[in-house]
Amino acid sequence: MISIKLETAFLVATLSIGVIGRPSPGESPTHKPVPGRSLQSSNLPDDYYVPSYYPAPYGGWVSDWQESYRKARRFVASMNLAEKTNITAGSGIFMGFPQLCFNDGHNGVRQADNVTVFPDGITTGATFDKQLMYQRAVAIGKEARGKGVNVWLGPTVGPIGRKPRGGRNWEGFGADPSLQAIGARETIRGVQEQGVIATIKHFVGNEQEMYRMYNPFQYGYSANIGISPPSSPCQTCLELTFSLLDDRTLHEVYMWPSAEGIHAGVGSVMIAYNAVNGTACSQHPYLINALLKDELGFQGFVQSDWLSHMSGVASAIAGLDVDMPGDTQIPLLGHSYWMYELSRSVLNGSVPMDRLNDMTTRLVAAWYKMGQDENFPETNFDTNTKKREGLLYPAAWPDTPKVVVNKFVPVQADHDGIARQVAQDAITLLKNNDTLLPLRRSQSLKIFGTGAQTNPDGANACSDRKCNKGTLGQGWGSGTVDYMYLNDPITAIKAKADDVRFYSTDSFPRKIDEPQDTDVAVVFITSDSGENTWTVEGNHGDRDASGLHAWHGGDKLVQDVASRYKNVVVVAHTVGPLILEKWIDLPSVKSVLIAHLPGQEAGRSLAEVLFGDVSPSGHLPYSITKREEDLPESVTKLIDSYNLHQPEDTYTEGLYIDYRWLNKNNIKPRYAFGHGLSYTNFTYSKAAITKVSQMSSTPPTRPPKTGILDYTQAIPEPSEAVMPDGFHKHWRYIYSWLLPSEAVDAAADRRNKYEYPDGYSTVQKSGPRAGGGQGGNPALWDVAYKLSVEVTNVGPKYSGKASVQAYVQFPENSKYETPITQLRDFEKTDTLAPGESTTVELHLTRKDLSVWDVVLQEWVIPVVDGQYTVLLGDASDSFQVSCRVDRLECITLAQGL
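Take the sequence shown: its letters are residues -21 to -1, 1 to 876, numbered as in mature numbering (1 follows the signal peptide of the UniProt record, and there is no 0).
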């Protein structure tokens, strides 16, 4: 928990230590950065560059935010210079109790007591259930509010899951932009309705962990995605450059979830560690100013990821609003690129006052928008200690008082039920030969694998879960939550069965009971990953050492068990796809369940599926291929070494990730994206498609920006940045105040102010044609077509839930190349008893039918009312219904077509 102070009454300051804006490599007060290469000399191809886009657009022009902006602007106008610069950055990574609390943990409240460990994002995505996504978010929001968390650092949509080995894929909802977008939207809605600011992250291109971060000895990798120039050199031709094509990839894949989150009104966006096209995201004017704030109309504040901030003026004019946690990249002595340096940069004219006023107003407006100015709980926990009392300023020891820091406020309520429901409804049945599942209480069960039982050293024995020992309920790193308890599978299985023998080993034991033909062996295997902060069993965050194979010899354990027993069930707790080919076709391996990362309710959620209390209803949020090589090298190969040049990650696969690539190349996966079996069967009937709104090729003209407040202000007097007489400074605490001589010197140094990059301007833009509202042109969310289908449980015995997935095929006569099928919507039914039916409704918006035209810089429907086909089914390779947009008719297909 690192935080910044908001109330002006609590502002503090410290000594300044150096140059204006504190330059990074490639930046100094007198050195002009090369456009698009603001951190280094790069070997990037010319196609990959960063267009200039200045100034940072003002916020406050969206009607939903205007009242909050008016309040915030009045508040900011009452602040002096040091008070404004103080709230643009954290007080330091080692500091303790704040006035405004930012907290990690995409699946709950991190490093806190009396909280719930919810299933991870990938598990939530596997439910394919919007209502559960929302309910989980409501519960998380209530717990965050109850613990006094102002800004919750979730949801995660980047990484999107482009690289199957990527270390933090499990924090997101799955390897598809629409699945990620819907998961993000429902999460943001649920959290912010509780008055907590949500943060969508990481924008953009953070698709692996290794070499993502800059430090004094290396550059973070560059995600070479491609950005269209402001004016294309080819206005009519169809032969576009590779970079232009990748501008479609940026919009249609990697920006898609963030756009949906911004449309939902998210209060904060966290920028990624890495570079895009050679420029670090934290000071990337095109990503922040052009795309986030102008095209997507983002009204909240843009914050850096922890210690990703690396410049003073460059990041400020590029649109960054909040530097977290405030320190430089080596957080040892309380130095900062902002805070006191930002005060100096304003006094000498390098950072314009309107930019400072806008960045502070954005933060305060989000605070008002969530109603945090009234009756918001104070932070009542401390991440530095589990004891009741702790140091107020831990890093400043011994110059710090000891106070009550943990009040042990319980916030779980009945959220265990929601956590268990998500974990249960995510469990994905891949295979169930001879209907081995569900199990019967009377069966003799032999359980193998340490993953069936809680880590014997304790559920929280490894900080940040940085070990794969025992039941794997979460990945590792900053996206984790401390367990209050962990309900493990072996405990839950023993409560359900009369005859259970557990072999707590990942190697086949030498001595076992003589296998009987009626025995059922259940084998637990795991695959872990996490943040690059930690290396676990040779894996540097990403699964670079283990690959897509089970850890701890899990594949061999399955083979050994399968050679002795005739009925084998495999349960995998995994962060992502696994290669199953060593054992998936063995005759005795009859049932396979992917239980994903279930959080604290790992046991009961699984047991209720194993024993048939509920039918499995989860679906894969990624494809499982037969070989890693079935996907392109650009996504299977990790950046695993570093030389003197910036590592590069070029997105040569373009739009074609996961099932899109497999379909394009006619490669059959072992199990397709969206696949998931049930104990029962469902049929679709009475399908219909209805036109809701008449579309045009391009959206109507965007609404103009209106109601923008006045942010202009003369440079303040130096005294506004001067530390009060007699103020006591704490060592390593970061302050915004200057000594009198430093303030006077900065104000007198205006001839040496920052030399701005080419294309710099202070004139506000009207905004691109594709903008106009939160997420883009508001018309993009107009519903074009409504689909309905009756779903019937035709099984004779078991109740269950069905997930209806809608995939769009674009017209063949479109001039744009598009993936063969693209997920656009999904709905999950309530539990249906045998013979019971329900009607499911799905929607296609203007944006769902559009492509990003890189020349027009606009969303375009290629063929209005054209031969779009909408396929309804239960997986990306299994469809029961085909609907035609041009004919407004639906037909039933052969089962599983």
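Note that beta-carbon positions come from the ideal geometry of N, C-alpha and C, so glycine has one too.
Counting the other CB atoms within 10 Å of its CB gives W838 a total of 16 or more, which places it among the buried residues. With a threshold of 16 other beta carbon atoms within 10 Å, E150 meets it and is buried. In the DSSP assignment, H242 falls outside any beta strand (DSSP E) and within the unbroken alpha helix (DSSP H) covering 235 to 242.
For the set S698, K569, P373, R480, the Cα lying nearest the Cα of E721 is the one of S698. Per DSSP, the unbroken alpha helix (DSSP H) holding Y113 starts and ends at 109 to 125. Residue state for I668 is assigned as strand, using DSSP reduced to three classes. Annotated three-state conformation of R227 is helix, per DSSP.
In this model, T662 and T797 are separated by some 29 Å (Cα to Cα). The alpha carbon of W716 has as its nearest neighbour, out of T741, K63, Y27, the alpha carbon of K63.
Sequence-distant partners of N434 (beyond 5 residues in either direction) whose C-beta falls short of 6 Å from its own C-beta, in its chain, are A440, K448, G449. Given a length threshold of 4 residues, each whole run of the alpha helix (DSSP H) inside the region 561 to 620 is given here in chain order: 581 to 589, 612 to 615. At a Cβ-Cβ threshold of 9 Å, V671 and A763 count as neighbours.
In this structure V29 touches Y265 by the C-beta definition: roughly 5 Å separates them, less than 8 Å.
In summary, V383 is exposed, with fewer than 16 beta-carbon neighbours lying within 10 Å of its beta-carbon over all protein chains present.
Under the three-state reduction of DSSP output, H394 falls in the helix class. With respect to the C-alpha of A693, the residue from M332, N185, N129, R399 having the closest C-alpha is M332.
In the structure shown, T450 falls within a coil segment according to DSSP collapsed to helix, strand and coil.
Note on geometry: alpha-carbon atoms of T258 and G845 lie some 40 Å from one another. Proximity to C869 across A666, S745, F858 peaks at A666, based on C-alpha coordinates. Beta-bridge partners assigned by DSSP to V383: E368. In this structure the region 779 to 789 lies against the region 850 to 861, because at least three pairs of beta carbons, one per stretch, are closer than 8 Å. N412 counts as exposed, since fewer than 16 other C-beta atoms from the protein chains shown sit within 10 angstroms of its C-beta. For W716, no alpha helix (DSSP H) encloses it, and the DSSP letter there is neither H nor E. Nearest to H85 by alpha-carbon distance, out of D461, E172, G244, is D461. From the listed residues G184, V479, F107, the smallest Cα separation to G653 is found for F107.
For the pair R334 and I636, the CB atoms are not nearer than the 9 Å cut-off.
In this structure, the CA atom of R147 is about 47 Å from the CA atom of V723.
Distances from the alpha-carbon of W710 to those of L312, K732, T817, S596 put L312 closest. Take D284, set aside five residues on each side of it, and the residues of its chain with a beta-carbon closer than 7 Å to its own are H181, M249, I250, A251, Y252, in chain order. Bounds of any beta strand (DSSP E) do not take in V537; it lies within the alpha helix (DSSP H) bounded by 533 to 543.
Apart from the 5 residues on each side of it in sequence, V117 sits with its Cβ closer than 6 Å to the Cβ of G169 in its chain, given in chain order.
For Y621, the CB contacts under 7 Å within the same chain, skipping 5 residues up- and downstream, are Y190, Q197 in chain order.
In the DSSP assignment, D43 falls within the unbroken alpha helix (DSSP H) covering 42 to 56.
In the assembly as shown, Y464 is an exposed residue. Its beta-carbon has fewer than 16 other beta-carbons within 10 Å.
DSSP places I504 within a strand segment (E or B) once states are collapsed to three. Under the DSSP assignment, W838 falls in the beta strand (DSSP E) whose first and last residues are 837 to 839.
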